[in-house]
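What follows is one structure encoded as structure tokens, with my remarks underneath.
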Amino acid sequence: MSKWLALGFVAFAACVVGTPPVRGPAPRGGPAPGAAPVVAAGPGQVCAAGTTCSLDCPQGRCAFECDPGSTCDLECSGGACQAACAPGATCNYECSGGGCVASIGQGATMNTECSGGGCRIAGCGAATCSMECSGGNCASE
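What the sequence shown shows, in the working numbering, is residues 530 to 670, in sequence order.
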């Protein structure tokens with residue numbers, strides 16, 4: 530009887546030791562404060578040259594492109610969007626989700642409202658830029 534008990538214990542121990550640990554899903558969340566915003570990976574939306582467009586991204590992580598001479602109203606309520614405002618374009622960019630980025634071409638106009646915070650706008654030296662950042666931690670250059 531003790532042989533069977535010992536054999537049973539060894540078999541049980543082998544099963545427990547050989548079982549890999551259960552792993553949960555990867556942690557989720559946005560970038561750490563002060564980290565660079567996430568690059569957009571979602572669908573791209575384009576406003577053709579010389580046209581007026583209203584582009585919306587409720588889910589976030591979208592890419593907007595405003596061609597030369599266009600007027601674009603861009604809204605990114607999901608956050609982490611990208612916008613490219615070509616030379617001569619006028620872009621009104623609202624990022625309530627935060628963590629948005631934009632690049633502005635020479636002679637373009639970019640009006641940005643970033644209530645989610647953490648927005649970055651590049652190209653303001655050769656363009657007209659205004660930024661309202663009620664969410665904090667924004668930068669324009």
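We treat Cβ as the ideally placed atom computed from N, Cα and C, and that holds for glycine.
From the DSSP output, which residues share a beta bridge with residue i?
i: Q574; result: F593
i: Q611; result: A592, V630
i: E661; result: E642
i: T600; result: T581, T619
i: S606; result: None; S606 has no bridge partner.
Nearest by alpha-carbon distance to residue i: which of the options is it?
i: Q611; options: N666, G627, A618, G617; result: G627
i: A615; options: D602, Y622, G634; result: G634
i: S599; options: A618, E623, S583, S606; result: A618
i: A578; options: E604, D596, C629; result: D596
i: D602; options: P587, C591, C576; result: C576
i: A655; options: R649, C620, G636; result: G636
Excluding five sequence neighbours on each side, which residues of the same chain lie with their C-beta closer than 8 Å to the C-beta of residue i?
i: C653; result: I633, M639, S669, E670
i: R552; result: Reliability fails at R552, whose pLDDT of 34 lies under 50, so the model's placement of it is uncertain and the value that follows must be treated cautiously. Cβ within range, chain order: n/a, list empty.
Enumerate in chain order the residues of its own chain whose CB-to-CB distance from residue i is below 6 Å, with the five nearest sequence positions on each side excluded.
i: A574; result: The sequence given here has Gln at residue 574, not Ala. For Q574, where only same-chain residues beyond five positions count, the Cβ hits under 6 Å are L584, F593.
i: A651; result: S632, E670
i: N604; result: Here residue 604 is Glu; the residue named in the question, Asn, does not match the sequence. D585, E623.
i: G664; result: G627, C643, S644, G645, G646
i: G589; result: G607, G608, A609, G626
i: N666; result: G646, G647
i: C662; result: C643
i: T657; result: T638
i: V568; result: Any answer about V568 is weak, because its pLDDT of 41 lies below 50 and its placement is not dependable; what the coordinates show is given next. So the list is empty, once near-sequence residues are dropped.
i: C582; result: C576, C601
i: P562; result: At P562 the pLDDT is 40, less than 50, meaning the model places this residue with poor confidence; the figure from the coordinates comes in the next sentence. Cβ within range, chain order: n/a, list empty.
Would you say the beta carbon of residue i comes nearer than 7 Å to a heavy atom of the ligand FMN?
i: S583; result: This structure lacks the ligand FMN; in fact it carries no ligand of any kind.
In chain order, what residues of the same chain lie with their CB nearer than 7 Å to the CB of residue i, ignoring the 5 residues before and after it?
i: T580; result: S599
Every unbroken beta strand (DSSP E) within the stretch 615-657, with a cutoff of 3 residues, ordered by chain: Within the stretch 615-657, the runs of beta strand (DSSP E) that reach at least 3 residues and sit entirely inside it are, in chain order, 619-623, 630-633, 638-642, 649-651.
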